[in-house]
Structure formats: structure tokens, C-alpha cells
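Here the sequence shown stands for residues 581 to 757, numbered as in our numbering.
Don't be surprised by glycine CBs; every beta carbon is placed ideally from N, CA and C.
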Amino acid sequence: MYRRLFVPAGLVAAALIAAGCGSSGNSTPPAGSGGSGSATRTTAPVSSGNAINTMKIGGATVLTNAKGLTLYWFAPDTSTTSKCNGTCATFWPPVKGPATAGTGVMGKLGTITRSDGSAQATYNGHPLYTYKGDTAPGQNKGNGLNIEGGLWHEVTASGSAPAPKTSSSSSGGGYGY
581 MYRRLFVPAG LVAAALIAAG CGSSGNSTPP AGSGGSGSAT RTTAPVSSGN AINTMKIGGA
641 TVLTNAKGLT LYWFAPDTST TSKCNGTCAT FWPPVKGPAT AGTGVMGKLG TITRSDGSAQ
701 ATYNGHPLYT YKGDTAPGQN KGNGLNIEGG LWHEVTASGS APAPKTSSSS SGGGYGY
């Protein structure tokens, strides 16, 4: 007779996370993972659940949460108000505030109060979100999306909007397209 062992999924996930924390610090997403090329963690991760870290993704140093998921800001937001509520917030989960800065995070962290009364972390005045479409560290599938009423940007360490994913040049036709 064979005896089967069942290990709770949470224990497996915790072991995998612990194993990843002992790595040399560089990581590359698996082929086809949806990242923009290579991803390199540029700081030692802070173990707090609301820690903000940095990672290099496709040539840009971006902010990530403690799990290594890319953080985003939403163009219609203001420094005091999130415009992403309801269904929007299920696809773009707000980062709970307050957050703590890991090494290399130089901007100003703060919080706003969302319409439901919860605290949301901000970076240089931008409310922070993750994207449900990013399922592993090094992915930035939400960057440049124009959905939910506005444009979404990955948060660069400098706090500025990243360069567009693709560049186009005008042929001078004058039609404004």
C-alpha cells in the first residue's frame, strides 16, 4: 500500500518564497511570462507585507510590492483621490497603506483615504495599485493599458511616467493621426 502525503498549499508557497529570498538577487522571468524582457531585482527585498521595493524590468527601474509584483499609477487619480473603485479595484487592487520603503526607494511614500474608508499607499503623490494580470515577479502587463477610464503606468523609481512601449514617427502627412 502506498501512503499519500498532503501538504497544504500555503506551506508549499511559504517554502518557495523562503527559497527565493535566499537567491543572489537577480531574477529573470520565465520565457513567455509576459514581462518586458529581463527582470532584475535591484534591492534586497524588505520582508514587510506592505514593503515597496525596486526591480529592473525591460530597462526601467520600477517599484514592486513585497511579492515582487509591479506597482502602477492611474492617470485620472489625484494626489488625494483614487478614481479606481468598485470593479476597477478588483482588476487593479489598491496597495494598502501605509507602506515602508526598501533600499533604493527614494520618493515620498504617503497614504490617502479611499472612498470606502481604507488607507491606500502613495508614491510621490500617486496612489499605488497592482494589476491582476501580473501573476509573477518581473511582469508588467498593465503598463500602458488604457482601460477603466484612463491610462495605467508602471511606477518608476524616479516617480515619472515611463517612456511609451512603442515609438512611432510621423510621416508629416498633417492629418493628426
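Nearest-angstrom Cα separation, counted from residue j out to residue i
i	j	result
Cys-668	Glu-728	6 Å
Asn-645	Thr-715	13 Å
Leu-651	Thr-670	15 Å
His-706	Asp-657	7 Å
Lys-721	Phe-654	14 Å
Thr-620	Cys-664	A caution first: Thr-620 carries a pLDDT of 49, below 50, which makes its placement in the model unreliable, though a value can still be read off. Their backbone Cα atoms lie some 29 Å apart in a straight line.
Asn-723	Pro-673	15 Å
Gly-739	Gly-687	7 Å
Thr-660	Gly-638	30 Å
Tyr-711	Gln-719	10 Å
Tyr-703	Thr-683	15 Å
Thr-634	Glu-734	12 Å
Cβ shell of residue i (< 6 Å), same chain only, five flanking positions each side left out
i	result
Arg-694	Ser-662, Gln-700
Ala-679	Asn-630, Ile-632, Leu-689, Ala-701
Gly-648	Pro-717
Gly-677	Thr-691, Ala-699, Gln-700, Ala-701
Ala-681	Ile-632, Leu-689
Gly-730	Phe-654, Ala-655, Pro-656
Bounding residues of the beta strand (DSSP E) (the contiguous stretch that carries residue i)
i	result
Thr-693	689-693
Asn-633	631-637
Gln-700	699-703
Same chain, Cβ closer than 8 Å to residue i, neighbours up to 5 away in sequence not counted
i	result
Asn-726	Trp-732
Asp-696	Asn-665
Counterpart residues of residue i in DSSP-defined beta bridges
i	result
Phe-671	Partner(s): none; Phe-671 has no beta bridge.
Val-642	Met-635, Thr-736
Lys-676	Gln-700
Tyr-709	Tyr-652, Pro-674
Leu-731	Asn-726
CB-CB length for residue i against residue j, believed under 8 Å
i	j	result
Tyr-709	Val-675	6 Å
Same chain only: Cβ atoms within 7 Å of residue i, ignoring 5 sequence neighbours per side
i	result
Gly-713	Lys-721, Gly-722
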